[in-house]
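One structure is given here, and the rest of the page talks about it.
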DNA sequence: GCGACAG
DNA sequence: ATCTTGTCGC
Ligand SMILES: [Mg+2]
């Protein structure tokens with residue numbers, strides 16, 4: 053699913069003389085949670101003003117951002133040329149000229165259904181051999197992605213580093229992270245032959261559909277995975293356990309100087325074992341394979 | 001108005 | 001995540 057292309061074709065549906073909103077476009081994609089991603093994709097508009105990003109404003113009729121050497125002034129100018137006035141930073145007659153009637157198939161709805169389907173294949177029992185432990189992370193510059201897989205044969209011995217540069221066709225949207233990063237990480241994994249347990253920068257079953265990035269990668273590649281997130285996507289923390297809809301899905305682990313990390317099994321690993329393995333590799337805030345993958349991915353992006 | 005929103 | 005075009009609920 054090339055969500056960038058799909059999104060730009062939605063934006064082209066907004067007629068001259070009308071405006072739409074980031075939220076309306078997000079709902080046309082299939083989830084209001086994508087509203088921020090709509091702003092990000094517009095900021096990366098490859099063909100303005102043919103893709104009329106100047107016709108997208110905030111839900112209260114105020115202008116929102118505009119990436120241009122002349123700034124938001126250019127947005128006002130392009131709207132005015134189409135007969136849309138802006139006064140006191142707000143679109144005049146906003147509710148009258150608001151366009152929300154997008155022709156769409158709601159692609160994010162289909163992706164939620166894909167998550168629900170693949171979820172049936174998640175196994176939350178230990179099913180791996182004690183071999184290498186890997187960590188993956190991805191760094192970005194615009195639509196370029198720099199992925200790194202670090203393999204450690206034991207704590208704390210780096211065995212191998214795999215790197216790859218990719219073009220992404222999906223933005224970051226909360227709860228849809230896998231559709232952005234899974235293709236990148238699967239490609240890196242295909243270049244490593246041996247057995248491993250993979251630590252992933254994101255959640256396993258700590259997810260509204262119990263199918264986060266780590267589970268997605270695990271199921272698609274038939275690899276044991278553990279999700280390790282730096283912040284809380286959802287759920288409630290009681291002592292060191294995290295619950296989603298009263299189901300125990302993972303742990304909050306105090307680590308580093310302040311706060312901590314959120315650990316949840318992805319695939320082929322039990323709740324308890326996911327915690328045990330992460331703890332074995334904990335020297336800083338993040339377990340070592342992830343900490344190194346993060347550092348190497350940033351170096352890769354900045355240098356080549 | 002402020003915080004929440006995996007990365 | 002990067003250096004940045006949001007929305008909703010409390
Ligand atoms: Mg990351």
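Numbering (the numbering used here), first residue to last: 53 to 356. We put the CB at the ideal spot given by N, CA and C, even for glycine. Note that the structure is a prediction, hence the values are computed from the model and not measured.
Worksheet item: What are the boundary residues of the alpha helix (DSSP H) that residue 91 is part of?
Response: Its alpha helix (DSSP H) spans residues 87 to 95.
Worksheet item: Is it right to say residue 91 is buried, meaning 16 or more other beta carbons lie within 10 angstroms of its own, or is it exposed?
Response: So residue 91 ends up on the buried side.
Fill in: Spatial neighbours of residue 54 in its chain, beta-carbon cut-off 8 Å, leaving aside the 5 residues before and after
221, 222
Discussion item. Tell me whether residue 253, by its Cβ, gets closer than 6 Å to a heavy atom of ligand 1.
Written reply: Yes, Cβ of residue 253 sits closer than 6 Å to a heavy atom of ligand 1.
Worksheet entry | DSSP state of residue 173 mapped onto helix, strand, coil | coil
Worksheet item: For residue 136, which residues of its own chain have a beta-carbon under 7 Å away from its beta-carbon, when the five flanking residues on both sides are left out?
Response: 69, 71, 143, 149
Worksheet item: Taking buried to mean at least 16 other C-beta atoms within 10 Å of its own C-beta, is residue 167 buried or exposed?
Response: Burial state of residue 167 is buried, judged by a 10 Å Cβ sphere holding 16 or more other Cβ atoms.
Worksheet item: With a Cβ-Cβ cutoff of 7 Å, do residue 279 and residue 254 count as a contact?
Response: With respect to residue 254, residue 279 sits close: the two C-beta atoms are nearer than 7 Å.
Worksheet entry | Sheet register partners of residue 337 (DSSP bridge) | Answer by DSSP bridge pairing: none, since residue 337 is not bridged.
Discussion item. Shorter than 6 Å, the distance from the beta carbon of residue 274 to the closest heavy atom of ligand 1, or not?
Written reply: no
Fill in: Backbone CA spacing between residue 173 and residue 347 [nearest angstrom]
32 Å
Fill in: Segment limits, beta strand (DSSP E) that includes residue 66
Residue 66 -> no beta strand (DSSP E), and no H or E assigned at all.
Discussion item. Three or more C-beta pairs under 8 Å: does that hold for the stretch 234 to 251 against the stretch 96 to 108?
Written reply: no
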